[in-house]
Amino acid sequence: DAKTTQPTSMDCAEGRAANLPCNHSTISGNEYVYWYRQIHSQGPQYIIHGLKNNETNEMASLIITEDRKSSTLILPHATLRDTAVYYCILYNQGGKLIFGQGTELSVKP
Amino acid sequence: GAVVSQHPSWVICKSGTSVKIECRSLDFQATTMFWYRQFPKQSLMLMATSNEGSKATYEQGVEKDKFLINHASLTLSTLTVTSAHPEDSSFYICSARSARLNTEAFFGQGTRLTVV
């Protein structure tokens, strides 16, 4: 079973920041927080991952709380092409990627 | 990121026939590959994990004799749906992980299977 909890859906205005929360209160010390997204009828796309420090790449930023029990994925300037289902996953590198239900993000003009 | 290619992108087959789906890692050696199934409006469900040169490990409830997985090389894994039935119609997605990278898994574009 997935060990993360995400809101079912969110809306965001085009050009604004999209902040997607994820709760993972049972995270263990060797588990990373990974984010993937899936655009309709495509395979999931890797976005970003982190262990305990905040991370940033060309796609997004990942903010992990100090106790590591929750995190937030930030898309700084959402576009219509960012409309997708976003999955927050706990991953023990070398283990299995188990998907939860994810958050369906709708970016609106 | 690394590239994983699935073939075919979609397939329609008659009930009772078998269908083979290929998953290739194009620019890295995939020591581990994962196969998922996704029904409409649902999340991805892990079916099995395969390591190169060894038998696949199936998740609970997945019939290993129906979903045959072969991972004979470091760049190719195949999923064969045997004696397909309409309830097997789904979106099948593979994922590959490199031992060298051993970080994120990379996904194929998926295969839409329709059994009529």
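For the protein sequence lines, the chains are R and A, in the order given. If you count the first sequence from 1, position 32 lands on 27 in the numbering used here, and the numbers rise without skipping. Numbers in the numbering used here are just positions in the second sequence, counted from 1, shifted up by 82. For each residue, glycine too, the CB sits at the ideal point set by N, CA and C.
Residue i (DSSP reduced to helix, strand or coil)
| i | result |
| --- | --- |
| R/D62 | coil |
| A/P168 | helix |
| R/L85 | strand |
| R/R11 | coil |
| R/D6 | strand |
| R/T70 | The amino acid at residue 70 of chain R is misidentified as Thr; the sequence shows Leu. Looking at R/L70 - three-state DSSP - the assignment turns out to be strand. |
| R/L100 | strand |
| R/L75 | helix |
| A/L158 | strand |
| A/V93 | strand |
| A/V86 | strand |
| R/H19 | coil |
| R/L92 | coil |
| A/A178 | strand |
| R/T(-1) | coil |
| A/V163 | strand |
Short Cβ contact (8 Å threshold) for residue i with residue j
| i | j | result |
| --- | --- | --- |
| A/T131 | A/T157 | no |
| R/L68 | R/D77 | no |
| A/S165 | A/T196 | no |
| A/F116 | A/A187 | yes |
| R/C17 | R/S66 | yes |
| R/K47 | R/I59 | yes |
| A/L93 | A/T193 | In the sequence as displayed, the identity of residue 93 of chain A is Val instead of Leu. Yes, Cβ-Cβ distance for A/V93 and A/T193 is below 8 Å. |
| R/G95 | R/Y81 | no |
| R/E26 | R/K103 | no |
| A/I151 | R/G38 | no |
| A/Q120 | A/F189 | no |
| A/Y140 | A/M127 | no |
Supposed contact pair residue j and residue i - C-beta distance, whole angstroms, cut 8 Å
| i | j | result |
| --- | --- | --- |
| A/S177 | R/G97 | Rounded, the Cβ-Cβ distance is 16 Å, inconsistent with contact. |
| R/A13 | R/A79 | About 10 Å; that fails the 8 Å criterion. |
| R/E99 | R/T(-1) | Incorrect: roughly 15 Å between the Cβ atoms, too far for contact. |
| R/V28 | R/L75 | Incorrect: roughly 26 Å between the Cβ atoms, too far for contact. |
| R/K91 | R/H19 | Not confirmed; about 16 Å, so no contact. |
Opening and closing residue of the beta strand (DSSP E) in which residue i lies
| i | result |
| --- | --- |
| A/F116 | A112 to Q120 |
| A/S107 | V101 to S107 |
| R/E53 | Neither: R/E53 is in no beta strand (DSSP E) and is coded neither H nor E. |
| A/R194 | T193 to V197 |
| R/R32 | Y27 to Q33 |
| A/T131 | M127 to N133 |
| R/H44 | Q40 to G45 |
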